[in-house]
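Visitor: Its first residue numbered 0, the sequence shown is counted upward by one per residue in numbering that gives the first Met the number 0. C-beta: ideal position from N, C-alpha, C; glycine also.
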Amino acid sequence: MVSNHLLTERTMKTPARSQPSRPSGSIRPSGSIRPSGSIRPSGGLRPSGQERQAGIIAAAASLFAAKGFQGTTTKEIARTAGISEALVFKYFPTKRALYAAILAEKVSLPELLAAVEEAAAKRDDERVFTLIAGHRIRRGADPTLLRLLLFSALEGHALSDMFFRNQHRVFYDYLAGYIARRTRERAFRRVDPLLAARAFIGMVVHHRLLHEIFLVPTHLSPEESVAHYVALFLGGLRTGALAAGSARLRGGGRRRP
């Protein structure tokens, strides 16, 4: 339910019938878009609350990724999801609730972190870095989240801060801690751990920008790309005999035609 002062944001006239108030911070309604396909259960059954929520999240994510946050309205989200605008506010009364749901849908960390921690306990450097890079560089990766994050950063949107604090920083902090520990164990050369972690994540993000946003053709498979990035990075971090082991991919892979 929204406070009355926010209703002035509407660019369309409110119907004569009374409208439920919406919470402060709700998404700006107005505008229209041709539905891209609403989500309906098979067999003509009435959709459940969970199905409606999933439909709203999918519609909002696709619209935000295509048009940005400033250019998307609740009316558009409702039409694309095949529901009423009131139902959007019923399930997601505030913008923040909807953004949090999108992040929860698009980013799954618990299983990944458990696997990374298991590899870290075994000091399996290749596995640690491969899991992190492979989480983002993989077959069938959905570019929606990356587009959402770019829009949110450019528009100064809350989603950018939410993602960085709750998701991205986990990788930076965890990976920096692992690098620092391996440096103390003299497996890695002396480097700034946080800067090294940022450098590795930076390679991954740049790869995705090139191939998912700018659509530059890739000459290697996702698995080959990850293996090369990991070998290059560990080759620069490791000391002595360990560094030699990271060079096994040198000269490998397919060349550009």
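Mapping the DSSP letters down to three states, classify phenylalanine 199 as helix, strand or coil.
Guide: Here residue 199 is taken as the residue at index 200 of the sequence shown, counted from 1. Looking at phenylalanine 199 - three-state DSSP - the assignment turns out to be helix.
Visitor: Quick test of the definition: if touching needs 3 or more C-beta pairs under 8 Å, does the segment 57-68 touch the segment 94-109?
Guide: Enough Cβ pairs lie closer than 8 Å, so yes.
Visitor: Taking DSSP as the reference, what is the three-state secondary structure of arginine 137?
Guide: To locate residue 137, count along the sequence shown from 1; it is residue 138. The answer is coil: DSSP assigns arginine 137 none of H, G, I, E or B.
Visitor: Suppose contacts are defined by Cβ-Cβ distances below 8 Å. Is leucine 208 in contact with phenylalanine 162 by that definition?
Guide: The count along the sequence shown starts at 1 and reaches residue 208 at position 209. The count along the sequence shown starts at 1 and reaches residue 162 at position 163. No, they are not a contact pair.
Visitor: Which residues in the same chain have their Cβ closer than 6 Å to the Cβ of leucine 193, if we skip the five residues on either side of it in sequence?
Guide: If you number the sequence shown from 1, residue 193 lands on position 194. Taken in chain order, the residues that qualify are Ala175.
Visitor: Shortest alpha-carbon distance to glycine 133 belongs to which of Phe63, His206, Leu214, Asp160?
Guide: Walking along the sequence shown from the start, residue 133 turns up at place 134. Nearest of Phe63, His206, Leu214, Asp160 to glycine 133, Cα basis: His206.
Visitor: Rounded to the nearest angstrom, what separates glutamate 184 and aspartate 123 at their Cα positions?
Guide: Taking the sequence shown and counting its residues from 1, the one referred to as residue 184 is at position 185. Taking the sequence shown and counting its residues from 1, the one referred to as residue 123 is at position 124. When rounded, the distance between both Cα atoms is 13 Å.
Visitor: Any Cβ of chain B within less than 8 Å of the Cβ of arginine 51?
Guide: Here chain B cannot be found, since the structure has a single protein chain.
Visitor: Are the CB atoms of tyrosine 98 and alanine 157 nearer to each other than 8 Å?
Guide: Taking the sequence shown and counting its residues from 1, the one referred to as residue 98 is at position 99. Taking the sequence shown and counting its residues from 1, the one referred to as residue 157 is at position 158. Yes, these two residues count as a Cβ contact at 8 Å.
Visitor: Can you check which of these residues, Glu125, Ala100, Ile131, is closest to glutamate 110 by C-alpha distance?
Guide: Within the sequence shown, numbered from 1, the residue matching residue 110 stands at position 111. The residue with the shortest Cα to Cα distance from glutamate 110 is Ile131.
Visitor: Would you report the Cα separation of arginine 126 and glutamate 116, rounded to the nearest angstrom?
Guide: Walking along the sequence shown from the start, residue 126 turns up at place 127. Walking along the sequence shown from the start, residue 116 turns up at place 117. For arginine 126 and glutamate 116, the distance between alpha carbons rounds to 10 Å.
Visitor: Compute the beta-carbon to beta-carbon distance between isoleucine 136 and tyrosine 90, rounded to the nearest angstrom, for a pair I have assumed lies under 8 Å.
Guide: For the purposes of this step, residue 136 is taken as the residue at position 137 of the sequence shown. For the purposes of this step, residue 90 is taken as the residue at position 91 of the sequence shown. Not confirmed; about 33 Å, so no contact.
Visitor: Suppose you measure from the CA of aspartate 160 to the CA of leucine 148; what does that come to, to the nearest Å?
Guide: Numbered from its first residue, the sequence shown carries residue 160 at position 161. Numbered from its first residue, the sequence shown carries residue 148 at position 149. Approximately 9 Å, taken between the alpha carbons.
Visitor: Just curious, the alpha helix (DSSP H) that lysine 94 is in, first and last residue?
Guide: For this step, residue 94 is matched to residue 95 along the sequence shown. Its alpha helix (DSSP H) spans residues 94-105.
Visitor: With DSSP run on the structure shown, which of helix, strand or coil describes phenylalanine 187?
Guide: For the purposes of this step, residue 187 is taken as residue 188 along the sequence shown, with counting starting at 1. Phenylalanine 187: strand per DSSP, three-state reduction.
Visitor: Mapping DSSP to helix, strand and coil, what is arginine 237?
Guide: Counting from 1 along the sequence shown, the entry for residue 237 is found at position 238. Three-state DSSP puts arginine 237 in a strand.
Visitor: Let me know if serine 61 comes out buried or exposed under the rule of 16 or more other beta-carbons within 10 Å of its beta-carbon.
Guide: Locating residue 61 in the sequence shown gives position 62, where the first residue counts as 1. Buried, by the Cβ-count rule.
Visitor: Do alanine 64 and isoleucine 76 have their C-beta atoms closer together than 8 Å?
Guide: Position 65 of the sequence shown, counted from the start, is the residue given in the question as residue 64. Position 77 of the sequence shown, counted from the start, is the residue given in the question as residue 76. No, they are not a contact pair.
Visitor: Going along the chain, which residues of its own chain have a beta-carbon closer than 7 Å to the beta-carbon of arginine 197, five neighbours each way excluded?
Guide: Position 198 of the sequence shown, counted from the first residue, corresponds to residue 197. If we look at arginine 197 and ignore the five residues flanking it on each side, its Cβ neighbours are Tyr171.
Visitor: Below 8 Å on the Cβ atoms is my guess for leucine 236 versus alanine 179; work out the distance and round it to an integer in Å.
Guide: Counting from one through the sequence shown, the residue named residue 236 turns up at place 237. Counting from one through the sequence shown, the residue named residue 179 turns up at place 180. Not quite, the Cβ-Cβ distance comes to about 12 Å (not below 8 Å), so this is no contact.
Visitor: Is the CB-CB distance between phenylalanine 199 and phenylalanine 150 below 8 Å?
Guide: Within the sequence shown, numbered from 1, the residue matching residue 199 stands at position 200. Within the sequence shown, numbered from 1, the residue matching residue 150 stands at position 151. It is not a contact, given that the beta carbons lie outside the stated cut-off.
Visitor: Could you check the C-alpha separation between arginine 78 and threonine 72 for me, to the nearest Å?
Guide: Taking the sequence shown and counting its residues from 1, one reaches residue 78 at position 79. Taking the sequence shown and counting its residues from 1, one reaches residue 72 at position 73. Going by the C-alpha atoms only, they are around 10 Å apart.
Visitor: Please report the distance separating the alpha-carbon of leucine 108 from that of valine 169.
Guide: Sequence index remark: in the sequence shown, residue 108 carries index 109 (1-based). Sequence index remark: in the sequence shown, residue 169 carries index 170 (1-based). Those two C-alpha atoms are separated by around 9 Å.
Visitor: Take arginine 138 as the anchor and find which of Pro221, Leu153, Pro216 has the nearest alpha-carbon.
Guide: Taking the sequence shown and counting its residues from 1, the one referred to as residue 138 is at position 139. Checking every option, the nearest Cα to that of arginine 138 belongs to Pro221.
Visitor: When the Cα of arginine 146 is compared with those of Phe213, Gln49, Ala119, which residue comes out closest?
Guide: Here residue 146 refers to the residue found at position 147 when the sequence shown is read from its first residue. Among Phe213, Gln49, Ala119, the Cα nearest to that of arginine 146 belongs to Phe213.
Visitor: Around the C-beta of serine 224, are 16 or more other C-beta atoms found within 10 angstroms, so that it is buried, or is it exposed?
Guide: The count along the sequence shown starts at 1 and reaches residue 224 at position 225. Answer is buried; the Cβ neighbour count reaches 16.
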